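One structure is given here, and the rest of the page talks about it.
Chains as they are written, first to last, in the working numbering: chain A, 6 to 288; chain B, 18 to 410.
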């Protein structure tokens, strides 16, 4: 299968210490911060969550919007800035939108269960609402998909995007991943040994178009869990896009190998994309 | 462009409020039986509407050892048990690493999240509460060692899952896929829809002038998908094509003209390489909300043109409620069974036609007919629209 070309990549990550690193990607109300359960540890590492602040966005429509929705919008803004493109460039029926998350809906589900935010917030509990906000805000009206899972689901979404582009079903495809943890921190702490701490909140969006490189995907069950290139911390579905950001920042020639594991599945995407390395860490 | 590899639906299995196997489901549909009843499994006394399509007793499986105490997982596994009974599929007759699982859900194991937040510190609660928990439980029960994928395109999830399953086969990643959808009735979703005032105190009356909303239901629905060249023995039909499109309009309400659904239908027809004139039966999303049925009618008229006025169109949600993640898969199975048995199930409780819904919605009773190519449509929260095109065996 022909590999898609990278047209833009926006990554907002809880491990970026300085607010200046955010560029103009959404109006973020403050720098990322760390929430700790310092007394509780796994293998002597404190249970910490590197959180992303709630982005501010003008307009009444966003008054009720959840943090994960607003972070998704900010990630798309960052992607457009990286691609030096206007929002019109991704609008319309020829843009596919693939959303991936393992757990971002946890925050709004919890709020609804505990009756915080009012019962009318029910609509926001659906994972489908995060890409819906992106579709509404940026006028994206093409094919869509929503995969639930960790890093392998994101790698699969990139492959699915490549397939849609290859088949001419769309002209561009966005792969969006959002993971937030703060609202359910106590639940993750309960299952502390299941994760690689710290948990790093991340929102990322990748813009792909038809390309001429090479791409192959493989997945298998069992074996040791592939950690991905970003060694420290757990990002669930957003991990591969953060790895891709770091690969671009290194501006290395040659292919990138993205990998990751989830619930015993190990997946790997071998990708030699057409890419401009002009932008690096801002992406 | 090369013709894509054809994917066959070799067998199907279900657990629904109107029957806990495919045969019982089908006979209830054609006889106009209703699965709507007072909800008993979870407390509903504080809710405006207390009825739904509840599966009263999961009787198929006697021994749940090794299966999490999670309603969603158990619905899914009960449907898989029916599938296996029909397909002779357990133990797996194939290399387990070449068998994939793709399931669609609107709610995953959210009820486990409710329990965890209520103080239940069970080791399995949180992993099951993640929306992909039940899909992994199913894979373990089946012994499948291939990819396990969960999709959540709201009420279109079952259709998306079957399409993703077909893609896995075409890509050669697996040799068989168990694909479909599920969702369980729980406090979470009942309270949510009650708050949205989407539920009716009346019967569910798709396309009826008096329709006043939907009722929720629970179900599991799974198909065994294989490549046509690998198919042996009996089969239900062929999955010809799939299309999707987002509304980009509102997080909970459908786009008033149904443009997203129209795009999804056109994309599915193109993917299937058929025209509107080839369609012989439409299984509508038909939720019986005032808005949905009017919008769907308009979208069908635009997408199918004159053919929309010639073909029978039914909705089975009057019989079993809106089964969310399972709905699209159940509706696809209904289409294929119609073709196989030569009968088209009626739209239950459609008695007074709505002038704005002026197509042939199969009121009254089941009608003889043997459709060859069928369209099944779905619309969901977040503006998710999906359409499947199916062909009779």
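Backbone N, C-alpha and C define an ideal beta-carbon position, used for all residues, glycine too. What you are looking at is a predicted structure, and each value in this text was computed from that prediction instead of being measured.
Rounded C-alpha distance that separates residue i from residue j
| i | j | result |
| --- | --- | --- |
| residue 239 of chain A | residue 310 of chain B | 44 Å |
| residue 35 of chain B | residue 42 of chain B | 6 Å |
| residue 317 of chain B | residue 203 of chain A | 50 Å |
| residue 267 of chain B | residue 138 of chain A | 8 Å |
| residue 66 of chain A | residue 212 of chain B | 20 Å |
| residue 135 of chain A | residue 55 of chain A | 21 Å |
| residue 404 of chain B | residue 28 of chain B | 20 Å |
| residue 112 of chain B | residue 223 of chain B | 44 Å |
| residue 269 of chain B | residue 397 of chain B | 8 Å |
| residue 361 of chain B | residue 353 of chain B | 10 Å |
| residue 272 of chain A | residue 108 of chain A | 19 Å |
| residue 389 of chain B | residue 294 of chain B | 12 Å |
| residue 272 of chain B | residue 105 of chain B | 44 Å |
| residue 143 of chain A | residue 169 of chain A | 20 Å |
| residue 302 of chain B | residue 332 of chain B | 6 Å |
| residue 399 of chain B | residue 140 of chain A | 9 Å |
| residue 85 of chain B | residue 100 of chain B | 20 Å |
Proximity below 9 Å, CB of residue i to CB of residue j
| i | j | result |
| --- | --- | --- |
| residue 50 of chain B | residue 251 of chain B | no |
| residue 384 of chain B | residue 307 of chain B | no |
| residue 139 of chain B | residue 132 of chain B | yes |
| residue 78 of chain B | residue 154 of chain B | no |
| residue 277 of chain B | residue 146 of chain A | yes |
| residue 207 of chain A | residue 52 of chain A | no |
| residue 256 of chain B | residue 233 of chain B | no |
| residue 276 of chain A | residue 14 of chain A | no |
| residue 224 of chain A | residue 177 of chain A | no |
| residue 191 of chain B | residue 177 of chain B | no |
| residue 283 of chain B | residue 260 of chain B | yes |
| residue 278 of chain A | residue 182 of chain A | no |
| residue 375 of chain B | residue 314 of chain B | yes |
| residue 20 of chain A | residue 205 of chain A | yes |
| residue 345 of chain B | residue 121 of chain B | yes |
| residue 94 of chain A | residue 85 of chain A | yes |
| residue 229 of chain B | residue 305 of chain B | yes |
| residue 74 of chain A | residue 129 of chain A | yes |
| residue 347 of chain B | residue 392 of chain B | no |
| residue 189 of chain B | residue 226 of chain A | no |
| residue 199 of chain B | residue 156 of chain B | no |
Beta strand (DSSP E) segment containing residue i, residue limits
| i | result |
| --- | --- |
| residue 270 of chain A | 270 to 277 |
| residue 104 of chain A | 100 to 106 |
| residue 404 of chain B | 401 to 409 |
| residue 9 of chain A | 7 to 18 |
| residue 152 of chain B | It is not in any beta strand (DSSP E) - residue 152 of chain B instead sits in the alpha helix (DSSP H) that spans 150 to 159. |
| residue 226 of chain A | 207 to 226 |
| residue 391 of chain B | 390 to 397 |
| residue 263 of chain B | 254 to 263 |
| residue 167 of chain B | 165 to 168 |
| residue 116 of chain B | 116 to 121 |
Closer than 8 Å: residue i CB and nearest the ligand SAH heavy atom
| i | result |
| --- | --- |
| residue 348 of chain B | For the ligand SAH, the structure offers nothing, since it holds no ligand at all. |
Opening and closing residue of the alpha helix (DSSP H) in which residue i lies
| i | result |
| --- | --- |
| residue 40 of chain B | 39 to 48 |
| residue 209 of chain B | 204 to 213 |
| residue 141 of chain A | 134 to 143 |
| residue 127 of chain B | 127 to 134 |
| residue 95 of chain A | Residue 95 of chain A -> no alpha helix (DSSP H), and no H or E assigned at all. |
| residue 184 of chain B | 174 to 187 |
| residue 163 of chain A | 156 to 171 |
| residue 200 of chain B | Where residue 200 of chain B is concerned, there is no enclosing alpha helix (DSSP H), although the beta strand (DSSP E) it sits in stretches over 193 to 200. |
| residue 244 of chain B | No alpha helix (DSSP H) holds residue 244 of chain B; the beta strand (DSSP E) holding it covers 236 to 244. |
| residue 118 of chain A | 111 to 118 |
| residue 85 of chain A | 72 to 87 |
According to DSSP, residues forming a beta bridge with residue i
| i | result |
| --- | --- |
| residue 54 of chain B | B:69 |
| residue 427 of chain B | Examination of residue 427 of chain B is not possible in this model, given that chain B is present from 18 through 410 alone. |
| residue 267 of chain A | A:270 |
| residue 33 of chain B | B:36 |
| residue 216 of chain B | B:231 |
| residue 2 of chain A | With chain A represented from 6 up to 288, any question about residue 2 of chain A goes unanswered, as that position is not in the structure. |
| residue 225 of chain B | B:370 |
| residue 339 of chain B | B:233 |
Next item on the list: Check distances from the C-beta atoms of the segment 144 to 176 of chain B to those of chain A and list, in chain order, the residues that come in under 7 Å.
Entry: Against chain A - using a Cβ distance shorter than 7 Å - the residues of the segment 144 to 176 of chain B are 147, 148, 149, 153, 162, 164, 165, 166, 167, 168, 169, 170 and 171.
Notebook entry, point to check: In the segment 191 to 219 of chain B, which residues sit with their C-beta less than 9 Å from some C-beta in chain A, listed in chain order?
Noted result: 204, 205, 206, 208, 209, 210, 211, 212 and 213
Next item on the list: Taking only beta carbons into account, state which residues of the segment 61 to 93 of chain A come closer than 9 Å to chain E, listed in chain order.
Entry: The structure shown has no chain E; the protein chains it does contain are A and B.
Notebook entry, point to check: If you measure beta-carbon to beta-carbon, which residues of the segment 116 to 140 of chain B are closer than 9 Å to chain A?
Noted result: 122, 123, 124, 125, 127, 130, 131, 133, 134, 135, 138 and 140
Notebook entry, point to check: Closer than 7 Å, Cβ to any Cβ of chain A: which residues of the segment 388 to 408 of chain B, in chain order?
Noted result: 397, 398, 399, 400 and 401
Item checked: Positions along the segment 198 to 230 of chain A whose CB lies within less than 7 Å of some CB in chain B -> Of all residues in the segment 198 to 230 of chain A, only 224 and 226 come within less than 7 Å of chain B when Cβ atoms are compared, listed by chain position.
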